[in-house]
Each structure stands twice: as structure tokens, then as C-alpha cells.
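Going by the working numbering, the first residue of the sequence shown is number 1202, and it counts up by one from there. Report on the following structure.
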Amino acid sequence: MFNSVLHTKWSILIKGIKGARFRLVVDKDKPHQSTVVWEFENEKIQKDIEKIIAEEIVRFTKALPNKEIHFQGEVELDFTST
């Protein structure tokens, strides 16, 4: 869901805002990880984009289903990679 938002919404959200560049960097060896690189012409443009990002985070988190799970029991296995 998150990647689809990156692919579909951001080109529209920054349309008409001159001086902002959005780039999505994906490592083919780690397809589950994405890095967004922003470039701004000046601090005002950066602040404008930060405001849009904050608004979109609120919208995105509201769209997530509430998946609260209650369970009980004892941990049988617990592995940590090093």
C-alpha cells in the first residue's frame, strides 16, 4: 500500500510546486525497502513539502485498518539474528 501511494500520489501532490524534486530509490536486492530522496531549491519550498508530507501521513495512517490482535500464551521460540 505504501509503495502504491509513492507511485500514484506524489507526482500529483507536487505538481505546480517548482523547485522540489522527488526520487524513489529501490534496491533490486531488497525490494521490500524504498528510499525517498527529496531535493529543494530553497527552505520555503522544503517547508511547503514538509507540510504536505505531514498531511499525507495523517491521511495514510487513517486509511490503515485497525488490526488490533489480542492473544495469550507463553513464548516457545524467540530468535534474533546477529
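Ideal placement from N, C-alpha and C gives every residue a C-beta, glycine not left out.
Item                                                                                                                        : Value
When the Cα atoms are used, what is the spatial distance from V1226 to W1211?                                               : 14 angstroms
When the distance is taken between beta carbons, is V1237 closer than 8 angstroms to L1207?                                 : yes
Let's see if you can read the secondary structure: which residues bound the alpha helix (DSSP H) around F1261?              : 1244–1264
For G1220, which option in I1246, K1231, K1229, T1281 has the closest C-alpha, if you only look at C-alpha atoms?           : I1246
For L1214, name the three-state secondary structure that DSSP assigns.                                                      : helix
Under DSSP, the beta strand (DSSP E) around E1240 begins and ends at which residues?                                        : 1235–1241
Which residue comes first and which comes last in the beta strand (DSSP E) that contains V1276?                             : Neither: V1276 is in no beta strand (DSSP E) and is coded neither H nor E.
Would you decide whether I1258 is buried or exposed? Buried here means 16 or more other CB atoms lie within 10 Å of its CB. : exposed
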